[in-house]
Amino acid sequence: MPDGFHHLPVDASADELPASTAAFVRNLYPAGEAELWNSAAPYYEQVAALLSTAGLLYSGLGIFGMGDEGVAHCSFSVAVCASQHADTEAAAQGMLAILSGDPLNDARWLDLPCGPAVSCVSMRELSVDAEQTTASEEQARIITGQIQIYLPFPTGPYMAVFTLSTASMQCWGEFCDMLTAVLQTVSFTDPEEPDDG
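Numbering (this note's numbering), first residue to last: 301 to 497.
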C-alpha cells in the first residue's frame with residue numbers, strides 16, 4: 301500500500317493481537333502519549349478481531365497531511381468471500397446486474413490485467429446527531445464516498461472485494477487514482493513460481 305497507510309493487524313493470531321494492535325496505535329498516533337495509546341489499543345483490538353472473523357485479509361487507515369488544510373483520511377480493506385461461479389466473466393456480469401439494480405449505485409464493468417471485475421461507487425449524506433449540536437447550529441451533514449471492486453478469482457470459487465471509503469471528498473479523485481494503481485498490481489499467480497516460458 302502507498303505511504304500513509306496504517307495496517308490494522310487483522311491477520312494477527314489471538315496471542316499476537318494485543319502487541320500488534322498496540323504497535324498499530326503508536327504508529328497511528330506518533331505524537332500521542334501513553335494515556336491515548338492505552339485507551340485506544342483495546343478498541344482497535346476489538347475492531348481487528350471483528351474484521352478478521354468477517355473475512356478481511358487486509359484493513360488499513362490512510363492518513364495524509366494536507367498542510368494548512370489539515371488531513372485527508374480514508375479506509376481501505378480487502379475481503380474474500382466464497383462464490384459459486386465457474387466462469388469469471390459470468391460472475392462479473394452477475395455482480396454488475398445485481399449492483400446496477402440499486403439507483404444509488406454507479407456500477408461499471410472493469411477490465412483489469414488479472415481479469416474482469418466490477419466497480420461500484422456510492423455516495424451517502426450523513427447527518428450529525430442533533431444532540432451533538434446547539435440549538436442555534438444547523439445540523440451538520442457529511443458526504444461520504446465509497447468505491448468497491450468485485451473481482452472473481454480465476455483460480456477458484458471466490459470473490460475478492462476491495463473497499464475504499466472516505467469522508468475527505470476533496471481528495472476523492474486522488475483516492476480513486478490510488479485504488480486504480482493498486483488494482484493494476486493484483487495477480488492470481490505466485491510470483492515465486494517459475495515462468496513456463
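Even glycine gets a Cβ: it sits at the ideal position worked out from N, Cα and C. Keep in mind that this is a model prediction, so the values were computed, not measured.
Coil, strand or helix - residue i by DSSP
i, result
"Glu345", "helix"
"Val325", "helix"
"Thr388", "helix"
"Tyr316", "The sequence shown places Glu at residue 316, rather than the Tyr named in the question. Glu316 falls in the coil class under three-state DSSP."
"Gln484", "coil"
"Leu404", "coil"
"Cys476", "helix"
"Asp368", "helix"
"Thr455", "coil"
Candidates the options: closest to residue i by CA position
i, options, result
"Ala379", "Val371, Ile443, Pro452, Ala467", "Pro452"
"Thr444", "Leu356, Arg424, Thr455, Ala460", "Arg424"
"Pro457", "Pro302, Val486, Glu389, Asp411", "Glu389"
"Ala481", "Pro413, Ala382, Ile398", "Pro413"
"Thr489", "Phe376, Phe324, Thr455, Ala348", "Thr455"
"Gln484", "Ala417, Ile442, Ala331", "Ala417"
Spatial neighbours of residue i in its chain, beta-carbon cut-off 6 Å, leaving aside the 5 residues before and after
i, result
"Arg408", "Ser419"
"Leu328", "His306"
"Ala372", "Phe364, Met366, Ser468, Cys471"
"Val428", "Ala440"
Separation of residue j from residue i, as counted between CA atoms
i, j, result
"Ala498", "Ser320", "This structure cannot settle anything about residue 498, because the visible part of the chain is limited to 301 through 497."
"Gly415", "Tyr450", "11 Å"
"Ile447", "Met478", "12 Å"
"Pro302", "Val421", "21 Å"
"Ser383", "Ala391", "9 Å"
"Glu316", "Gly304", "23 Å"
"Leu357", "Pro318", "18 Å"
"Ala348", "Gly473", "28 Å"
"Gly401", "Ile442", "25 Å"
"Pro403", "Phe376", "24 Å"
Close-in-space but distant-in-sequence residues of the same chain around residue i (CB under 7 Å, 5 per side omitted)
i, result
"Cys374", "Gly362, Leu464, Ser465, Thr466, Ser468, Phe475"
"Leu396", "Ala407, Trp409, Val418"
"His385", "Ala391, Pro452, Pro457"
Within-9 Å CB hit, residue i to chain C
i, result
"Val428", "Although the question refers to chain C, the structure presented lacks it and comprises just one protein chain."
Whole-angstrom C-beta distance between residue j and residue i, which should lie under 8 Å
i, j, result
"Leu308", "Tyr344", "7 Å"
"Leu351", "Ser359", "5 Å"
Chain-order list of residues whose beta-carbon lies under 8 Å from that of residue i (same chain, five-residue window excluded)
i, result
"Cys381", "Gly355, Tyr458, Met459, Val461"
"Gly497", "In this prediction, Gly497 scores a pLDDT of 46, lower than 50, which makes its location untrustworthy; the coordinate-derived value is nonetheless stated afterwards. Nothing meets the Cβ criterion."
"Trp337", "Ala322, Val325, Arg326, Tyr329"
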